[in-house]
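Working notes, beginning with the structure itself.
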Amino acid sequence: NSVSYLISANGSRTVTADKTLTAVDSPYLIDRPGLTINAGATLTLEPGVVVKITRPQEPKLTVRGAIAANGDALYPVVFTSFADDIYGGDMNADGATTTPAAGDWSQILIENPSAGSSFPNTLFRYGGTWFSGATPYASVVVNGASASFDAVTIEYSAKYGLYLKNSSSQITNSTFAFNKRNGGAGLDAAGIFIDGVSGGTPSVTNSAFLENDFGIRAQSASGLTATGNTFTNNSTAAIHTSSALGAYSGNTGSGNALNAIVVGNGTSITGVGTTILSANALPYLVQVAAEIAATTTLAIADGVVIKGFAENSAA
């Protein structure tokens, strides 16, 4: 049998106690039933571990306990497609070079009551498959929980690279590249999508967004802080926000279709109290309309540039 090393071969495909995946036994496989890390259990991955996930849509890794993906600069931890022969070799032993594609597997879902997951030096490739019932479509989803991501790369997702919902996750020194809806159709994918309708204070710092549809797309993300990030050649916008803004400073970009922090979109851009617009090399671009809610204040710092265009204008 050419396929080896299921992480958990029990019928329920669950990790119920602390477990370590060693590099010497890598690569590992998450097959069609998927895998769940139960609350109270931690799955630890040594540097250099490769985890492959099979097609079609169903398989995913659900985390209710914790993951410690202990990659380092020389030997990252990798989550990728079963068809990806670059990492972990020819796991299906078909003797041919297979071609992975965006959406080859579903997602890693980190959800309540998960706490303490960390992903230093971790690579995620070819996830985020698009199919009915898979919402949200993303390679990595953190929903109602928090995790830390440092020096990660999320690339070739079929829609969002990282989806944060009501999450206070911290993202630093990371790269989000080539995350596009169905390989490019639809123009509504993003390196990171942030949904903070019920709260959360995520931060994105010193990270790069390259050739996604949107770099960062944020909805009701008043708790978001984005600092020192670069946005290059994203096909819709560098940053796009709807509703309350969050805080942006020191962000730069070039070659984006809208080389700006897009605000407004017919909504109120202020949260409770005072919302501060800080200076970025990117201007703020008011699209459709931006409102300052009653009893709130918009403070505009030195060096801020705000641009606008007619609602019926192309750009």
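Those letters in the sequence shown? Residues 75 to 389, by my numbering. Where a beta carbon is used, it is the ideal one built from N, C-alpha and C, also for glycine.
| query | result |
| --- | --- |
| Measuring CB to CB, does residue 123 end up less than 9 angstroms from residue 97? | yes |
| So, for residue 275: in the same chain, excluding its five sequence neighbours on each side, which residues have a beta-carbon less than 8 angstroms away from its beta-carbon? | 242, 297, 298 and 299 |
| Alpha carbon to alpha carbon, how far is residue 143 from residue 165? | 21 angstroms |
| Can you have a look at residue 348 and say buried or exposed, based on whether 16 or more other CB atoms are within 10 angstroms of its CB? | exposed |
| Tell me residue 327's beta-bridge partners as DSSP assigns them. | 305 |
| The beta strand (DSSP E) with residue 233 in it runs from where to where? | From DSSP, residue 233 is part of no beta strand (DSSP E); its letter is neither H nor E. |
| Go ahead and label residue 294 buried or exposed: buried means 16 or more other beta carbons lie within 10 angstroms of its beta carbon, across all protein chains shown. | buried |
| Whole-angstrom Cβ separation of residue 162 and residue 134, contact assumed at under 8 angstroms? | Contact flag wrong, Cβ pair sits at about 19 angstroms. |
| Taking just the CA atoms, how far does residue 231 sit from residue 374? | 36 angstroms |
| Taking just the CA atoms, how far does residue 314 sit from residue 388? | With a pLDDT of only 41 at residue 388, under 50, the local geometry of the prediction cannot be trusted, and the value read off the model is given with reservation. The straight-line gap from Cα to Cα measures roughly 16 angstroms. |
| Over the uninterrupted beta strand (DSSP E) stretch that includes residue 192, give me the two end residues. | 191–194 |
| Is there at least one non-hydrogen atom of the ligand MG closer than 8 angstroms to the beta-carbon of residue 192? | The ligand MG is not part of this structure, which contains no ligands at all. |
| Please determine, among 236, 252, 336 and 249, the residue with the shortest C-alpha to C-alpha distance to residue 269. | 236 |
| Would you mind working out which of 316, 368, 325 and 350 sits nearest residue 360, comparing C-alpha positions? | 316 |
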